[in-house]
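Following the working numbering, the numbering of the sequence shown begins with 62 at its first residue and continues without gaps.
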Amino acid sequence: MPHFTDLPPEVLALIGDLIDTDTTKKPLVSVSRFCRQHFGHLRWRHLRLAHYTSWHFVKYLKPHAHSVRYLQFECGVHKGFYQVDFPGLVTFQYHSLEKDKKNKDVIGSLEDFISRHRTIRDLTIITLETGMSHHFWETVSTSLLNPRRLKLDGGLYGGAVKNFMYGPEFWHACSRFEEVIYRGWDQSGSLDLGTVDFSQLKSLDYATAATLLPIYAATPVPTDAAKIWRWMGTCSSLTRLRWRTNISIEQLATVTERPLWPHLEDFSLDYVRGSEEDFAAVVLIHLPPLKRLTILMGPIGPVCFGILQERHLDSLQTLSLTGTEMITSRMALDILIQFPHLVVFEADHIDLRDFRSTPQPWVCQGLKRLRVTFESDPSDPGVDTLLLEQLSKLVHLEEPYVTNCLSHFGFITGSETTTPLLSWKLDSGLGRLSTLTRLRAFICRRSGRDLEVEDIEWMMDHWPSLETLLGHFSSDSTVQESLIALIRQRGIHTS
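Laid out in structure tokens, this is it:
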């Protein structure tokens with residue numbers, strides 16, 4: 062039988078390319094001299110340097126610099142590291158979340174570093190500094206051979222309270238990349254429409270300061286929404302667009318040119334103000350059949366729902382409408398009944414009285430992520446069982462639901478409301494959910510009735526992939542604490 066060491070060099074190189082985590086690399090290179098010879102360079106692939114990294118490390122680093130593919134400079138890194146050449150560098154990140162008194166020198170060193178490393182494809186700049194000069198962006202624009210991804214984050218506070226403009230050079234640099242992620246003060250004031258070709262841009266995530274930091278929501282933000290919308294509409298290669306700002310439909314309605322997005326698949330807006338009719342006419346009607354649509358807060362109601370049915374029924378895989386209060390329970394239920402390809406669905410609530418009135422099967426059998434509040438009907442306890450039977454058919458539920466602090470897998474139930482909620486108990490039909498073997502988390506903010514030990518034990522016994530089980534299980538604080546202790550004994554994360 063051939064030995065591992067007999068594999069051709071090209072196969073070993075391929076194996077090496079697939080190994081890119083420290084937990085794998087370090088044990089591997091310790092196995093034998095052969096592994097150290099063939100895979101030792103992987104230990105240098107990802108490198109992070111900070112102010113506490115001794116400048117003596119420069120001498121030790123230079124012989125291995127050719128192996129570095131990912132490099133991160135954190136605040137205060139010694140200037141000697143800027144002089145090292147990394148001929149195979151692909152990803153470069155600069156993080157500085159503190160004010161640097163030597164900002165001009167640092168920016169100058171960054172400019173020189175980028176001009177020498179033309180192989181960089183992914184560039185991330187996260188800084189509170191406002192001094193990224195016009196020359197810096199010219200360097201980025203003219204030096205990089207095949208740029209792919211640019212992320213610029215002005216910092217939570219720096220981007221929100223400092224009114225600064227990068228200038229047209231910033232937009233020229235953006236036009237060189239396929240993906241741009243921007244967080245900070247709005248830059249529309251320096252955007253010169255028609256002078257830059259953005260046909261290479263495929264993914265845009267643009268977030269302005271007041272949206273990022275709610276305490277500054279009243280701060281005047283110099284956003285020319287119509288100008289930004291007109292510019293976005295000319296980016297004809299976009300497949301993904303996320304616009305995180307406060308948008309007035311009245312402003313967008315002044316734009317006469319319709320967006321040209323033949324390849325758009327993923328569209329997301331955060332805060333939209335205006336009438337539903339205007340939103341439908343100005344935005345929704347111009348979107349091609351989408352795979353993913355997210356509206357954090359906006360006027361989505363019957364008119365827009367009709368457009369979704371007509372234009373996006375056979376394409377939508379992700380639909381998130383959690384902050385759109387005009388989406389009724391009946392509409393949310395119809396989405397589950399009519400949209401066959403949904404993998405992710407998030408809405409405000411579903412009233413089980415609507416479910417009882419038209420108990421049709423849900424066609425989205427591939428659903429992996431479901432976020433909704435099910436409102437029960439005290440006068441009809443049998444409806445809970447009917448719903449649990451329907452949920453039992455969603456055997457693929459497994460994808461992450463993200464809260465402010467944790468990533469969870471599964472679906473979220475309940476909310477802070479006085480509306481009667483579904484009871485997640487065995488005597489209400491919980492046992493029907495034994496089919497959800499891929500469920501990785503169950504998050505129950507509130508249950509219609511208090512859960513007991515047997516209910517929690519059943520969940521842990523019948524959901525083998527369960528990693529997280531949390532929520533308000535009982536109104537009795539003593540019982541709640543005992544249930545949490547029981548969950549922790551099983552090694553499952555809980556509150």
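Here a beta-carbon is modelled for each residue, glycine too, at the ideal position from N, C-alpha and C.
As assigned by DSSP and simplified to three states, the class of residue i
i: I361; result: coil
i: A126; result: helix
i: F142; result: helix
i: I396; result: helix
i: W246; result: coil
i: G294; result: helix
i: S309; result: strand
i: P69; result: coil
i: T563; result: With the chain running from 62 to 556 in the structure shown, residue 563 is simply not present.
i: R510; result: coil
i: K86; result: Here K86 scores only 47 on pLDDT, less than 50, and its place in the model is too uncertain to base an answer on.
i: H117; result: coil
i: G149; result: coil
i: G215; result: coil
i: T317; result: coil
i: W232; result: helix
i: T496; result: helix
i: W322; result: coil
i: S489; result: helix
i: M193; result: coil
i: S543; result: helix
i: G367; result: helix
i: G255; result: coil
i: V201; result: helix
i: D516; result: helix
Buried versus exposed call for residue i [16 or more other C-beta atoms within 10 Å across all chains shown]
i: L206; result: exposed
i: A341; result: buried
i: V138; result: buried
i: Y243; result: buried
i: E318; result: exposed
i: R109; result: exposed
i: A408; result: buried
i: A111; result: exposed
i: D522; result: exposed
i: S484; result: buried
i: E450; result: exposed
i: G427; result: exposed
i: A393; result: buried
Beta-ladder partner(s) of residue i, from DSSP
i: R210; result: D183, E240
i: H156; result: I187
i: L108; result: L132
i: W304; result: Y267, L330
i: H554; result: T529
i: L380; result: L354, F406
Same chain, Cβ closer than 6 Å to residue i, five either side skipped, listed in chain order
i: P320; result: G294, H347
i: E172; result: F197, T200
i: Q144; result: none
i: R353; result: D327, T379
i: H125; result: W105
Nonlocal neighbours in the same chain, by C-beta distance under 7 Å from residue i, ignoring five residues either side
i: Q550; result: none
i: R177; result: D146
i: V343; result: I310, L313, A314
i: T256; result: none
Residues of its chain near residue i, where Cβ-Cβ distance is below 8 Å and the 5 sequence neighbours each way are ignored
i: L254; result: K288, R291, W292, T295
i: E239; result: P208, R209, R210, Q261, L262, K263, S264
i: R179; result: S204, L205, L206
i: T496; result: S453, K454, V456
i: V44; result: Lying before the first or after the last residue shown, residue 44 is absent from the chain, which here runs from 62 to 556.
i: D557; result: This structure gives no information on residue 557, because the portion of the chain shown stretches from 62 to 556.
Proximity test, Cβ basis, 7 Å: residue i and chain D
i: T315; result: The chain labelled as chain D is not found in the depicted structure, where only one protein chain is given.
Scan the segment 396-457 and note each continuous beta strand (DSSP E) run of 3 residues or more that stays entirely inside, going in chain order. 405-412, 430-436
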